[in-house]
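Below is one structure; the comments refer to it alone.
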Amino acid sequence: MTNREIENRLAEEIRQATPNVLAQVLQQCQTQKEECTDMANQMEVQVVNTSKRKKWIAGLASAAAAVVVVAGAGIFGYNYMAVDSVIGIDVNPSIELEINRQDKVLKVEALNQDANEILDGMELKGVDFDVAVNALIGSMLKNGYIDELKNSILISVDNDDAEKSAELENRLMEEISAILSSSQVDPALKAQTVSAESDELQKLSEQYQISVGKASLIQSICAQDSTKQFADLAKLSINDLYLIADSQKVNLDDTITQGNPSDKAYIDVEKAKSAAFAHAGVSASEVQLLKAELDFDDGVMVYEIEFVRGNAEYEYDIDAVTAKVLKVEKDGTDNSQQANSSNSSSENSQGGNNSTGNNSFISKEEAKNIALKAAGVNQAKNVKVSLDRDDREYNVEFMDGEFEYDYEIHAVSGKVLAADKERLDDDDRNSSSTGVIISEEEAKSIALKQAGISDPDWIEASFDGEDNKYDVEFAASGYEYDYEINAQNGKIMEYDRERL
């Protein structure tokens with residue numbers, strides 16, 4: 006309805022509501038002329054006022070029309086800015102997009118550091134949803150988060166309308182599948198409906214810096230396996246989560262599934278079983294296999310192999326990348342293998358044992374090189390490498406003149422478990438360029454030479470940046486040595502020796 010039509014309608018209604026008594030009054034005035042004259046004058050005033058009232062009504066109608074226009078614009082603005090759906094895309098980067106009913110992107114949020122790298126330099130607000138998804142998947146391909154070794158993506162949709170959720174899930178699966186197929190990647194996709202209104206999922210999402218969708222997936226896995234810890238699984242990529250779920254036959258029927266997760270980065274289960282059998286000194290035909298599953302333990306993907314021979318039960322953790330034996334447990338006595346030296350050395354007087362192959366640790370030099378390579382640094386300063394034997398990981402810290410790096414490296418597999426990078430302030434930058442002259446290896450040599458030791462049982466060195474010194478510890482001939490070496494001039498500041 007136009008403004009003019011609104012004005013006419015309002016004016017007509019007012020005219021109909023106003024009583025027309027002028028003729029009746031004039032008839033009465035035939036006998037009372039003077040009164041009639043007064044009454045007529047009075048009615049003329051009323052007619053004039055009515056005319057003025059009509060003008061006021063017309064003004065009111067214009068105002069009402071303006072309100073209608075403004076209200077319409079407000080409704081349109083609300084519909085445009087209102088969030089209709091929240092979409093989660095998880096690989097290892099976790100990204101959430103908020104879109105409106107017109108499928109325009111209102112907001113893109115990076116939920117972890119990897120996602121920040123994916124979004125670097127992108128401005129996706131206001132673009133079509135399809136364009137945004139294409140850009141995000143393309144960036145993940147470019148930055149190496151998706152390839153033939155890591156082909157899995159989790160799609161999560163939060164929408165109050167079940168039909169709209171299903172439509173978005175299928176649409177996303179088709180679009181992402183087409184993008185990856187064109188890049189010669191055979192994708193493994195899962196799509197699910199989630200609700201951000203779940204307080205528990207929202208809390209887990211914020212605590213572990215993952216999407217609500219990934220939190221929902223992990224929760225489903227943990228619900229079917231009480232041995233799984235949410236905190237451990239939150240560290241894994243979607244590809245590794247899919248592999249574990251498939252290996253352990255976790256029921257994920259509430260998801261739409263397409264393709265299989267890539268296992269090309271890991272050895273197959275047959276090779277893992279062979280490694281365990283060889284270490285135990287048994288053959289496959291001699292044992293009863295209880296379990297052979299891909300799992301995650303202490304920051305490493307492992308195969309858990311369990312089997313029985315005789316009265317003995319064996320449990321192995323086999324590194325899923327290198328096939329190294331990481332952990333062995335044996336309960337009971339294997340009557341058919343009493344004389345096997347590899348087992349007798351690992352049994353205790355109660356017939357059970359839990360051992361970890363510390364002799365398979367990578368060296369500190371290897372850990373350092375892994376961290377430097379991961380950081381893309383060729384020449385590092387103030388390098389500090391320390392080993393946590395209990396957690397089976399190296400902590401590697403170093404500087405390159407502009408940044409300070411901190412890496413955690415798994416001591417067996419060499420996998421990067423965590424990484425941190427911070428820009429140096431002026432004081433730290435000056436310290437990194439002038440404070441250290443001797444290397445870690447030189448500090449070790451100085452300490453060993455002073456102690457008269459050429460072949461220690463073990464040796465560790467760490468750099469103390471605050472005091473500009475190396476702490477060197479080693480053991481030999483039943484003694485443990487502790488040295489403090491000045492990092493600038495190589496002088497021995499302090500040393501101590503204790504009997505073990």
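Numbers given in the numbering used here equal positions in the sequence shown, counted from 1, plus 5. A virtual CB, placed ideally from N, CA and C, is assigned to each residue, including glycine.
- The beta carbon of Lys109 sits closer than 8 Å to those of Tyr85, Gly131, Val132, Asp133, Phe134, all from its chain and outside the five residues before and after it, given in chain order.
- Straight through space, the alpha carbons of Val88 and Ala376 are spaced by roughly 42 Å.
- With fewer than 16 other Cβ atoms from the protein chains shown falling within 10 Å of its own Cβ, Asn121 counts as exposed.
- Comparing C-alpha distances from Ala193 to each of Glu205, Val390, Asp303, Asn244 shows the shortest one belongs to Asn244.
- The three-state secondary structure of Tyr486, taken from DSSP, is strand.
- DSSP places Lys240 in the coil class of the three-state scheme, outside both helix and strand.
- Its Cα nearest to that of Thr260, the residue Tyr247 stands out among Ile497, Tyr319, Tyr247, Tyr271.
- Contact between Glu478 and Leu505 does not hold, since the beta-carbon distance rounds to 12 Å and is not under 8 Å.
- In the three-state reduction of the DSSP assignment, Gln263 falls in the strand class.
- Around the beta carbon of Met306, a 10 Å sphere encloses 16 or more other beta carbons of the protein chains shown; the residue is thus reported as buried.
- Residues Ile323, Ala328 of the same chain have their beta carbon placed closer than 6 Å to that of Ala280, with the five preceding and five following residues left out of the count.
- Look at the beta carbons and you see the segment 183-192 not touching the segment 220-236: under three pairs across the two are nearer than 8 Å.
- Taking each of Ile367, Leu177, Gln253 in turn and checking the Cα distance to Thr262, the smallest one comes out for Leu177.
- Around the beta carbon of Asn383, fewer than 16 other beta carbons sit within 10 angstroms, so the residue counts as exposed.
- Ser161 and Gln197 do touch by the CB rule: their CB atoms are close to 5 Å apart, below 8 Å.
- When the beta-carbon positions are compared, Ser391 and Ser467 come within less than 8 Å of each other.
- CA-CA distance, Ile100 to Glu202, rounds to 18 Å.
- Using a Cβ distance threshold of 8 Å, Ala236 and Ile215 do not count as a contacting pair.
- Under the DSSP assignment, Gln197 falls outside any alpha helix (DSSP H), being part of the beta strand (DSSP E) whose first and last residues are 193-198.
- Your pair Val417 and Arg394 does not check out as a contact, with CB atoms roughly 11 Å apart and the cut at 8 Å.
- Between the alpha carbons of Ser170 and Tyr412 lies a gap of roughly 41 Å.
- Listed in chain order, the non-local C-beta contacts of Arg428 below 7 Å within the same chain comprise Glu407, Phe408, local neighbours out to five positions each way being set aside.
- For Leu299, the beta-bridge partners assigned by DSSP are Tyr308.
- Relative to Tyr475, the option among Ser482, Asp462, Asp152, Glu446 whose CA is nearest is Glu446.
- Taking a 10 Å sphere around the C-beta of Ala220, we find 16 or more other C-beta atoms and assign the residue as buried.
- The residue from Asp472, Ala481, Trp463 with its alpha-carbon nearest to that of Ile490 is Asp472.
- In the three-state scheme derived from DSSP, where H, G and I count as helix and E and B as strand, Leu111 is classed as strand.
- For the pair Gly143 and Asn265, the Cα-to-Cα distance works out to about 21 Å.
- According to the DSSP assignment, Ser99 belongs to the beta strand (DSSP E) that extends over 99-104.
- Among the bridge pairs identified by DSSP, Ser290 is matched with none.
- Looking at the DSSP output, His415 sits in a beta bridge with Glu398.
- Leu422 sits in a strand when the DSSP states are folded into three classes.
- Less than 8 Å divides the Cβ of Lys155 from the Cβ of Ser267.
- Each of Asp204, Gly457, Lys378, Asn494 was checked against the Cα of Asp405, and the nearest Cα belongs to Lys378.
- Take the alpha-carbon of Lys233 and the one of Lys332: they are about 18 Å apart.
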